[in-house]
Amino acid sequence: MFSKALLKEFKTILGHDKVFTDKADLVTYSYDAAVLDPVIPALALRPTSSEALGNAVRLCNENGIPLTVRGAGTNLSGGTIPLAQGAVILTNALDRILEINTADMYAVVQPGVITAKLASAVADKELFYPPDPGSQAVSTMGGNVAENAGGLRGLKYGVTRDYVMGLTFFDVKGERVKTGAKTVKCATGYNLAGLMVGSEGTLGVFDEITLKLIPRPAHQKAMIAVFDEIHNASETVAAIIAKHIVPATLEFMDNFTIRAVEAFSHAGLPVEAAALLLIEVDGHPAQVEEDASRVEALCRQMGATSIQVAKDAAERDKVWEARRSALSALAKLKPTLVLEDATVPRSKIPEMVEAMQQIAARYNLAIGTFGHAGDGNLHPTILTDRRDKNEWERVEDAIAAIFTKALDLGGTLSGEHGTGIAKARFLEKETSRATIVYSQKIKAALDPKNILNPGKIFQ
Amino acid sequence: MANMKTLAKLVRELEDQLVVCMRCGMCQAVCPLYAETGRESDVARGKLALLDGLMQELFNDPDGVSERLNKCLLCGSCAANCPSGVNVLEIFIKARKILTDFKGLSPAKKLVLRGMLARPELFNRLMEWAPKFQKLFTKPASTAIGTSCARFASPLLGHRHFKPIASKPYHTRVPELDTPAGRSGIRVAFYVGCLIDKIFPHIAEAVVDVLDYHGIGIFMPPDQGCCGIPAVSSGDFETFQRLVRHNLTLFDNNDFDYLVTACATCTSTIKKIWPLLADGDNGFDEAQVADIADRTIDINQLLAPLIDAETQRGSAEEKVFVTYHDPCHLKKSLGVTAEPRALINANPNYRLKEMAEADRCCGLGGSFNLQYYDLSANIGRLKRDHIKASGCSVVATSCPACMLQISDMLSQAGDDIRVKHPIEIYRESRRKS
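And the structure:
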């Protein structure tokens, strides 16, 4: 596929054992966590220095080789599937935390740094990096920024976008571009970081990322509210937000998910409950106590049948263990799991929850709904077996129905998983023809040969 | 290629288990090999995708997949942390068999597995002779740890600091035992295991002493065979089944309550792999295999509930600090973590101090160490660093295979840290006077 001379050049800039051409290696870079068909790349490259990364990008561009950057390959919309084959560039050897500045509260990282490792290194210095996507134990910061990843704390603390202070990245020619700063304020030039966050590897390749850090909250309080009517739970979510209380986390779990979690972890969850809300407030102890009692009162007022407040750290861990095991518990029920992330304005959560129940019934599918209700980002999770063609057609129809409903309610196709391949054909529905054309013009200007992760975001 | 079609068909037997992997990639967080190499083909998700690839007939020959499949510690860290509950080890073991059947066993493995391991009596005789020759080629490396290294540059031994073969294997010291249950009312069958018999016979002595101390009767038949794990991991089910048959015949005496081993790997193999692979289709009596598997127990697990109040006896002024390494085959496979610590704590002369990541794989992985020594040693050095950082002068672990690796790493680093089995530490305070 490539000339010997070109391969030799790649090996010169990256090192001999950092260029993979064996099919048995390439097959392992053909997929990510999205339920989509794999595409085998022609080449995989593993740069170990910033210079090598820039040179690899340049060489790909000079030779018209499409390139897809891959961190941990945990993407849920197909962002890391090398649709046009070409080269996969692995960032996992660029995994150094370059600086954690406690005086100015920022961190500078290479793109391959693992999210949880950063969070833990930052916590060791009494600081806090809040975004905690479900895959944080393996996901990379480059991937988080490229996808604008979210997590459980979006409601109060925002998402990855809210923590990117500055970037250096390679343009398609391998030239280093700098945007943003290590200062809280920065008003120079275009806000290119704003453009790059969530660009899914289609506009440039990250080199170094500067992230905002915040002080650790002094105190937390977690609770589980049990509801025997699903709409009582979803209306409680809307009511908490309407009262302008902002919990750090406000998670929802429907009966299907509760039963799956209980069967899996025997955590003592009420399997008869129609829905649960898992809530955590944090901040100054006095504020925490006040918020917690207001939330508790509101839950009761909205029809919660019982509320368990975690009395200590161990009980608090149990609450979040139950939530964290939701995806695993559901995953064990059927071979294929489709995790959606359509998101609606928070006042519309009751309608969205009801719609999920109707869609499950209409398409005769097993759908567990849980997720970040507090920020409007539910995770309807469809359990199926992709080998069952008949059922798979119904799954695709159900996904389209979920998207339509979310958009009808004024929401978005994706709260945190990205557009990728999976949602590309629906994007115009959420935006407009003009939006697509405008975006395509930016893409064409910055990447004239269309080699940066082609086929993503737009069809 | 007609051949690859046949292979695809064989791999398809695993399809229902393969589809369970949803490619979430969480195995990357726990795989000790991936932490070292960062290569997707080294982590479970990548290997499962490769098996999928064989099924889809993506490859012209099986070699690339086979090589990558075999480059695995079989430590089970991935399976223990898999959100979807993929039976990773079962899939890998069965796939290794399919590929070995398809490609044939290498001549070297054939010689070792079928020529020696499969014949317990011959293997035992060979190992009685071996110590007489090893001194010609090796010299002592660390007296504290009791390791040796190559006397001359040797491609086989490399830079290893290994525990030499014992001058008198346990089976030559005590060929068999058959004692009735004492005051405990318990009688166990003692399955010694190759490494304990041939390299760590003093562990077997400690086991027998302690069982005796607790008034536990022992049935230990002569000429015990290997549990079969080296054959299983090489995909040689023929040798595995031969060994299981040999051992089943030896222990076909129902006059014992438990079959006890002091080797995490043997325990895990008998409990988990025997019932999985010694099935009716291969002419085994499944009820008999299940019964032996059910009764098989790790020595720590057997003794922990029996620990008596001796703890207070002779409490020392200066305690010896000891740290404990969780063998994968005990923690990840069988969930045994508290019991070996309880045995250590039962000796008042010791104080247990946890190291960081006590359950992180030591990197030995049986034949993985022979084939990929550099990688194995890199992973082992991380373990060594954690042990060293704990500041302890003794490291304990319940698996003689882990003991080999840890001894090699500590000895090469020049550390004065002793490697012990918890049963040795327990025995020190429970010797029958």
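Chains A and B supply the protein sequences, listed in that same order.
If you want this note's numbering, it's the position in the first sequence, counting the first as 1, plus 8.
If you want this note's numbering, it's the position in the second sequence, counting the first as 1, plus 1020.
Glycine included, each C-beta is placed from N, C-alpha and C at the ideal position.
Next item on the list: Excluding the 5 residues preceding and the 5 following residue 1284/B in the sequence, name in chain order all residues of the same chain whose CB lies nearer than 7 Å to its CB.
Entry: 1318, 1347, 1349, 1350, 1418 and 1419
_Residue from 1085/B, 1423/B and 1064/B whose Cα sits closest to the Cα of residue 1110/B_ = 1064/B
Please state if the CB of residue 213/A and the CB of residue 61/A are separated by a distance shorter than 8 Å.
-> yes
Which of the residues in the segment 92 to 116 of chain A, read from start to end, lie with their CB under 9 Å from any CB of chain B? 98, 100, 101 and 103
query = Ends of the alpha helix (DSSP H) at residue 76/A?
reply = Segment 75 to 78 is the beta strand (DSSP E) holding residue 76/A; no alpha helix (DSSP H) there.
task: Please name the residues in the segment 15 to 32 of chain A whose beta-carbon is closer than 9 Å to at least one beta-carbon of chain B, in chain order.
output: 28, 30, 31 and 32
Delimiting residues of the alpha helix (DSSP H) encompassing residue 1266/B
1257 to 1270
Q. Which first and last residues belong to the alpha helix (DSSP H) in which residue 1288/B is found?
A. 1284 to 1288
Original post:
When Cβ atoms are compared, which residues of the segment 329 to 360 of chain A fall closer than 8 Å to chain B?
Top reply: 335, 336, 339, 340, 343, 344 and 345
**Request:** Tell me whether residue 230/A is buried or exposed, calling it buried when 16 or more other Cβ atoms sit within 10 Å of its Cβ.
**Result:** buried
**Item:** Residue-chain proximity (residue 1079/B, chain A), Cβ-Cβ < 8 Å
**Value:** yes
I need the boundaries of the beta strand (DSSP E) containing residue 1372/B, first residue and last residue. 1370 to 1372
message: So that I know if they touch, is there some Cβ in chain A lying closer than 8 Å to that of residue 1085/B?
response: yes
Report task. Answer yes or no: do residue 1385/B and residue 1142/B have a C-beta to C-beta separation smaller than 8 Å? Result -> no
Tell me the residue span of the beta strand (DSSP E) that contains residue 8/A. Nothing about residue 8/A can be read from this structure; chain A reaches only from 9 to 467.
Taking beta-carbon pairs under 7 Å, can you tell me which members of the segment 1117 to 1146 of chain B lie near chain A?
none
Contact under 8 Å by Cβ, residue 1486/B with residue 1443/B:
Only positions 1021 to 1453 of chain B appear in the structure, and residue 1486/B is not among them; the question remains open.
Fill in: Contact check, residue 86/A vs residue 429/A, beta carbons under 8 Å
yes
Candidates 1238/B, 1292/B, 1289/B and 1290/B, of which the one nearest residue 1273/B by Cα: 1238/B
> Which same chain residues, not among the five before or five after residue 176/A, have their C-beta less than 6 Å away from its C-beta?
Replying inline: 184, 186, 215 and 216
Do residue 1102/B and residue 1067/B have their beta-carbon atoms positioned less than 8 Å apart in this structure? no
Practice task
Run down chain D in chain order and give the residues with a C-beta less than 8 Å from the C-beta of residue 146/A.
Solution key: Any reference to chain D falls outside this structure, whose protein chains are A and B.
*asked:* Counting only beta-carbon separations shorter than 8 Å, does residue 1384/B have a partner in chain A?
replied: no
Using DSSP with H/G/I as helix, E/B as strand and the rest coil, what is residue 358/A? helix
Original post:
Taking just the CA atoms, how far does residue 408/A sit from residue 401/A?
Top reply: 11 Å
### chain A contact residues for residue 1088/B, given Cβ-Cβ distances below 7 Å
32
Problem - Cα-Cα separation, residue 18/A to residue 455/A - result: 21 Å
Excluding sequence positions up to five away, which residues of its chain have a Cβ less than 6 Å from the Cβ of residue 337/A? 268, 269 and 272
Q.
DSSP three-state label for residue 1392/B, please.
A. coil
Under 9 Å from the C-beta of residue 40/A: neighbouring residues of chain B: 1043 and 1045
**OP:** Measure the CB-CB distance between residue 348/A and residue 388/A and report whether it falls below 8 Å.
**Re:** yes
Looking only at its chain, what residues have a beta carbon closer than 7 Å to the beta carbon of residue 1077/B, apart from the 5 residues adjacent to it on each side?
1024, 1025 and 1028
Open item on the list: So, with DSSP's three-state summary, where would you put residue 443/A?
Closed with: helix
So what does residue 52/A bridge to, in DSSP terms?
28/A and 96/A
*asked:* Could you check whether the segment 89 to 108 of chain A touches the segment 126 to 134 of chain A, counting it as contact only if at least three pairs of C-beta atoms, one from each stretch, sit closer than 8 Å?
replied: yes
*asked:* Could you compute how far the alpha carbon of residue 1344/B sits from the alpha carbon of residue 1359/B?
replied: 11 Å
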